[in-house]
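In our numbering, the protein residues as written are -5 to 102.
Glycine included, C-beta positions come from ideal geometry on N, C-alpha and C.
Since the structure is predicted, the reported quantities are computational estimates derived from the model, not experimental observations.
Report on one structure; see the data block that follows.
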């Protein structure tokens, strides 16, 4: 949740068409129900502040959701974007790290 009360991930999903959003939600369900989550869908990102990336490949696009772990089994997703190439843009990482800091400050 952002400081203004919006949910960036929900807003991102709302911007996808029904098939795209359905595939992303199916993948998130698979991540939630499978322990450990398949690395095809969820990976810890290197050179970040302990961020994780959920990745969904569908119809020529790569839908990505970035977040972090709160404890051992709670994944907080804070940012979503679509990118066709492998490399995650620095700005997307910085956006997620900023949201993580805001989240952690609210929790203390």
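- Within the DSSP bridge table, the entry for residue 58 names 49, 75 as partners.
- A buried status is given to residue 82, since no fewer than 16 other beta-carbon atoms sit within 10 Å of its beta-carbon.
- For the set 72, 0, 6, 26, the Cα lying nearest the Cα of residue 45 is the one of 72.
- The residue from 0, 32, 92 with its alpha-carbon nearest to that of residue 48 is 32.
- Under the three-state reduction of DSSP, residue 84 is assigned to helix.
- In the structure shown, residue 10 adopts coil according to DSSP, grouped into three states.
- In the DSSP annotation of this structure, the continuous segment of the beta strand (DSSP E) that includes residue 37 starts and ends at 36 to 38.
- Between residue 18 and residue 7, the C-beta gap is smaller than 8 Å, which places the two residues in contact.
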